[in-house]
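If you read the sequences in order, they're chains G and E.
Position 32, counted from 1, in the first sequence is what my numbering calls 33; the numbers after and before it change by one each time, with no gaps.
Position 258, counted from 1, in the second sequence is what my numbering calls 355; the numbers after and before it change by one each time, with no gaps.
Reading through the structure tokens given below for one structure.
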Amino acid sequence: MPVKIPEEMLNILYSNYFGYVCTSDQNNRPHITPVFFIYDYIHQKIFFITNNKSKKVKNIKENPNTCITIDIRDPIDPFNNEGVMAQGKAEIMEYGPIYFLPEETLRLYYDIYLEFKDKYHEIVENKPLGESDVIVQINIEKMVYWKGPHFKSVSVV
Amino acid sequence: MEKKEKEMKWVYEEIVSRIPPFSLLSYKSSILLQLLLLLFIGLFIGYIYHLDSIVLLYGSIGIFVAVLWSLLILQLGPTLRKFRAPLNQKENALLEQYKKILFHKNHYEMIPGIIIFVLLMLYLYVFHQYFSRRSMMESWFGEHPSPILLIFVMILLWDICYRMGLGIWTTTLSMWRSLNLKKMAEKRTELEHTPYTELKHLKKLDINNMFFGIISLLLLPIIQDDYLLVLSILAFVIFITGTSYVSAYIISGIPWLPPDIYDLVIDSKFAYVGTSDSKRITHLTPVVYVFDGQKMYFATSKSAKKIKNLRENNKVAFLVDKRDLKNIYENKAILLIGKVKIYGIHDIFLRGLEMLKARNLFFEKYPQYTRKYSTHKFELPKAWQLTPIIARILIGIEPEEIIYWRGAKQINIPV
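Here is the structure:
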């Protein structure tokens, strides 16, 4: 059974398109990039697709500690600012070209790809997975939620 | 072309760099050796010709000033040799021209020095009687000094005049450069700019020149009896220090971000701050921030995790973006990676004005926020209860790397 995740966290995780991923390299230099993501409630994972050669993949190989922040920003009323930060270890399933991957991974890739397509179909029309694309999964360990000045945090493991 | 770049040297630098042992030493030890050598020769000659100890002291001060000047002014060559080209054709052409004139192959840099030397000679030997009764030369070295002594003194005087000339030459040119650079920077488009580091170098050179001016004050005791020379030195100090100050000030007003990014940073309301603690666990939260045209600041409460992380590891990633779901190819983002400066109470003395300026920018940019803070104070948790800026810690970003995304394209912006 998955941990009970508060409703307001789920709202944020399900209703937003942009996530911001923070990684840090072996010299402990942080790096941020905006990504498209999907949240997997059952396994408490967050998936995103990125390029094999990107800085974040390089950083994750050096240091798997990764976090992703998803938020709603209100420039008028700071009490409406709302967000979730999920911290955990990132994992990259396979690096090889897509047609050499084991069936299980391919199935996962396909499922995730379909889910991505479903979530982002208005933005990216039928963009296929590229040769050098990899799926990164963050195994969530801890989540922090905030609304205005109030905080809430959940430990997942 | 490349050969020219390497030959950015003045006459003096060129001569010294060819004579051993100076040619074998690093630039600083070579200057130190020159200082010791000159002092040694000076004191030796002074001892032989039984000069007053006060005259020996004056001579030593003169040598010391000349050597200090060399130290400052000879940094120009190496700094400009390493200079990276601005990403704007006009600014690049201007800086190329500046370097070309500064180190012109006809050695125009000698002209101001020669003029000063000739004027000084005329004054000392021809016109001095109109101003004071006794020539300084006579009072120092007697009525008939030996030719060897005279030659040494002349070399020393020439050295001082030559360097004063160099000071005028470099200061005038940097003022010209700064004024034109500012004009050109106003007409930049898209990604055109001169990188941060290079602007900082130019400013550093101007600050060096300010010290160059101030050091000349050391010459005053030597010529204290001659009010005309005192006035000339004072005028020199004011000219060099004042002009260099203005030039440095102009440089510090030139944006180091290209207009595309500059506008993004000015217009955006929020930024994301990524930190990583000593266990390399990352943390990312949105913040409000301000940009004063030169530096980015955000503020955080004392109990925030960010500040804990930053005290453990001062490296930071700072992202400002424009997100538009309807057209992702219009999305823009800038990522600054670098270090933070955490402002504390002790900074008030030196950086109080800067902190006050940042605070006012917050009030201007987020009037609703600040109002909210003052009216809803007691609904807030303890950490937020005081006014946002005073009780909150001010943090400045010092970028080392800039990455810019426009649509799906990633562009590295030289810092």
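C-beta atoms are modelled at their ideal positions from N, C-alpha and C, and glycine is treated no differently.
I need the DSSP call for residue 144 of chain G, collapsed to helix, strand or coil.
The residue you call residue 144 of chain G lines up with position 143 of the first sequence. Looking at residue 144 of chain G - three-state DSSP - the assignment turns out to be strand.
Whole angstroms are fine: how far does the CA of residue 121 of chain G sit from the CA of residue 1 of chain G?
Not covered by the structure: residue 1 of chain G. The range shown for chain G is 2 to 158.
Would you verify that the beta carbon of residue 25 of chain G is, or is not, closer than 9 Å to some beta carbon of chain E?
Translated into positions along the first sequence, residue 25 of chain G becomes position 24. Yes, residue 25 of chain G counts as interfacial toward chain E.
Can you find a CB in chain E that lies within less than 9 Å of the CB of residue 88 of chain G?
Along the first sequence, one-based indexing puts residue 88 of chain G at 87. It does; some Cβ of chain E falls within 9 Å.
Alpha-carbon to alpha-carbon, residue 342 of chain E and residue 166 of chain E:
Taking the second sequence and counting its residues from 1, the one referred to as residue 166 of chain E is at position 69. Taking the second sequence and counting its residues from 1, the one referred to as residue 342 of chain E is at position 245. Each residue's alpha carbon lies about 17 Å from the other.
Against chain G, does residue 504 of chain E count as a neighbour if the rule is that its beta carbon must be under 9 Å from one of theirs?
Walking along the second sequence from the start, residue 504 of chain E turns up at place 407. Output row for residue 504 of chain E: interface = no.
Could you work out which residues of chain G lie near residue 373 of chain E, taking near to mean beta carbons separated by less than 7 Å?
Indexing the second sequence from 1 puts residue 373 of chain E at position 276. Simply 25, 29 and 31.
Check the Cβ of residue 432 of chain E against every Cβ in chain G and list those closer than 8 Å, keeping chain order.
Locating residue 432 of chain E in the second sequence gives position 335, where the first residue counts as 1. The contacting residues are 32, 33 and 34.
Please list the partners that residue 21 of chain G has in chain E, where partner means a Cβ-to-Cβ separation under 9 Å.
Within the first sequence, residue 21 of chain G is the residue found at index 20, counting from 1. The contacting residues are 369, 371, 381, 383, 416 and 418.
Starting from residue 501 of chain E, follow its DSSP beta bridges and name the residues at the other end.
What you label residue 501 of chain E is simply residue 404 of the second sequence in a count that begins at 1. Paired residues: E/431 and E/508.
Chain E within 9 Å of residue 39 of chain G, Cβ atoms only:
Numbered from its first residue, the first sequence carries residue 39 of chain G at position 38. Not closer than 9 Å to any Cβ of chain E, the Cβ of residue 39 of chain G fails to qualify, so no.
Assuming residue 498 of chain E and residue 431 of chain E make a contact with CB atoms under 8 Å, what is their CB distance in whole Å?
As a working note, residue 498 of chain E is residue 401 in the second sequence. As a working note, residue 431 of chain E is residue 334 in the second sequence. Between residue 431 of chain E and residue 498 of chain E the Cβ distance is about 11 Å, and since that is not below 8 Å, they are no contact.
Using a cut-off of 7 Å between C-beta atoms, extract the partners of residue 410 of chain E located in chain G.
The sequence position of residue 410 of chain E within the second sequence is 313, counting from 1. The contacting residues are 29.
Residue 36 of chain G (DSSP reduced to helix, strand or coil)
Against the first sequence, residue 36 of chain G aligns to sequence position 35. In this structure, residue 36 of chain G counts as strand in the three-state DSSP scheme.
Rounded straight-line distance, which links the Cα of residue 55 of chain G to that of residue 92 of chain G
Stepping through the first sequence from its first residue, residue 92 of chain G is reached at position 91. Stepping through the first sequence from its first residue, residue 55 of chain G is reached at position 54. Taking the straight line joining both Cα atoms gives about 15 Å.
Looking at the C-beta of residue 413 of chain E, does it have a partner C-beta in chain G at a distance below 9 Å?
As a first step, residue 413 of chain E must be located in the second sequence, where it is residue number 316. Judged by the 9 Å Cβ criterion, residue 413 of chain E is in contact with chain G.
Compare the C-alpha of residue 76 of chain G against each of E/372, E/364 and E/506 and name the closest.
Along the first sequence, one-based indexing puts residue 76 of chain G at 75. Closest option to residue 76 of chain G, Cα to Cα, is E/364.
Does the beta carbon of residue 141 of chain G come closer than 9 Å to any beta carbon on chain E?
Residue 141 of chain G sits at position 140 when you count from the first residue of the first sequence. So no, residue 141 of chain G is outside the interface.
Residue span of the beta strand (DSSP E) that contains residue 298 of chain E, given as start and end
Against the second sequence, residue 298 of chain E aligns to sequence position 201. Segment 293-312 is the alpha helix (DSSP H) holding residue 298 of chain E; no beta strand (DSSP E) there.
Local Cβ density within 10 Å of residue 146 of chain G, reported as buried at 16 or more and exposed below that
Walking along the first sequence from the start, residue 146 of chain G turns up at place 145. Counting Cβ neighbours within 10 Å, residue 146 of chain G comes out buried, since at least 16 surround it.
Can you give the beta carbon distance from residue 262 of chain E to residue 210 of chain E, rounded, assuming they're within the 8 Å contact cut?
The residue you call residue 262 of chain E lines up with position 165 of the second sequence. The residue you call residue 210 of chain E lines up with position 113 of the second sequence. About 3 Å separates the two Cβ atoms, so the contact holds.
Contact under 9 Å by Cβ, residue 382 of chain E with residue 84 of chain G:
Against the second sequence, residue 382 of chain E aligns to sequence position 285. Against the first sequence, residue 84 of chain G aligns to sequence position 83. It is a contact, given that the beta carbons lie within the stated cut-off.
With DSSP run on the structure shown, which of helix, strand or coil describes residue 45 of chain G?
Position 44 of the first sequence, counting from 1, holds the residue named residue 45 of chain G. Coil, per DSSP.
Can you list, in chain order, the residues of its chain with a C-beta nearer than 7 Å to that of residue 227 of chain E? Leave out the 5 residues immediately preceding and following it.
In the second sequence, residue 227 of chain E corresponds to position 130, counting from 1. Excluding residues within five positions, none has a Cβ falling inside 7 Å.
Kindly give me the distance between the Cβ atoms of residue 142 of chain E and residue 246 of chain E, rounded to whole angstroms, as I take these residues to be in contact under 8 Å.
On the second sequence, residue 142 of chain E is found 45 positions in, with the first residue counted as 1. On the second sequence, residue 246 of chain E is found 149 positions in, with the first residue counted as 1. 6 Å between Cβ atoms; contact.
Proximal residues to residue 194 of chain E (C-beta, below 7 Å), its chain only, five neighbours per side dropped:
Residue numbering aside, residue 194 of chain E sits at position 97 when the second sequence is read from its first letter. So the list is empty, once near-sequence residues are dropped.
Euclidean distance between Cα positions of residue 480 of chain E and residue 11 of chain G:
Looking up residue 480 of chain E in the second sequence gives position 383. Looking up residue 11 of chain G in the first sequence gives position 10. For residue 480 of chain E, the predicted structure reports a pLDDT of 49, less than 50, and the residue's modelled location is therefore unreliable. A value from the coordinates is still provided. Cα-Cα distance, rounded: 27 Å.
Under 8 Å Cβ-Cβ, which residues of chain G neighbour residue 377 of chain E?
The sequence position of residue 377 of chain E within the second sequence is 280, counting from 1. Those are 25, 29, 64 and 66, listed as they occur along chain G.
Go through its chain and collect everything with a Cβ distance to residue 132 of chain E's Cβ below 6 Å, but skip five positions before and after it.
Taking the second sequence and counting its residues from 1, the one referred to as residue 132 of chain E is at position 35. Once the five neighbours on either side are set aside, the close Cβ partners of residue 132 of chain E are 164.
Taking all protein chains shown into account, do 16 or more other C-beta atoms lie within 10 angstroms of the C-beta of residue 446 of chain E, making it buried, or fewer, making it exposed?
Start at 1 with the first residue of the second sequence, and residue 446 of chain E comes out as number 349. With fewer than 16 other Cβ atoms within 10 Å, it is exposed.
Whose C-beta lies closer than 7 Å to the C-beta of residue 308 of chain E among residues of the same chain, with five residues either side of it excluded?
Looking up residue 308 of chain E in the second sequence gives position 211. These residues qualify, in order along the chain: 169.
Would you tell me roughly how many angstroms separate the C-alpha atoms of residue 102 of chain E and residue 282 of chain E, rounded to the nearest one?
As a working mapping, residue 102 of chain E is identified with position 5 in the second sequence. As a working mapping, residue 282 of chain E is identified with position 185 in the second sequence. Summary for residue 102 of chain E: the model assigns pLDDT 46, below 50, so the residue's position carries little reliability, and this model does not support an answer.
Less than 9 Å between the beta carbons of residue 23 of chain G and residue 369 of chain E, yes or no?
Counting from 1 along the first sequence, the entry for residue 23 of chain G is found at position 22. Counting from 1 along the second sequence, the entry for residue 369 of chain E is found at position 272. Yes, these two residues count as a Cβ contact at 9 Å.
Would you call the region 55-69 of chain G and the region 398-411 of chain E touching, i.e. three or more CB-CB distances under 8 Å?
no
Listed by chain order, chain E residues near residue 1 of chain G by CB distance under 7 Å:
Residue 1 of chain G lies beyond the range of chain G shown here (2 to 158); nothing can be said about it.
Could you check what DSSP says for residue 5 of chain G in three-state terms: helix, strand or coil?
Counting from 1 along the first sequence, the entry for residue 5 of chain G is found at position 4. DSSP places residue 5 of chain G in coil when its eight states are reduced to three.
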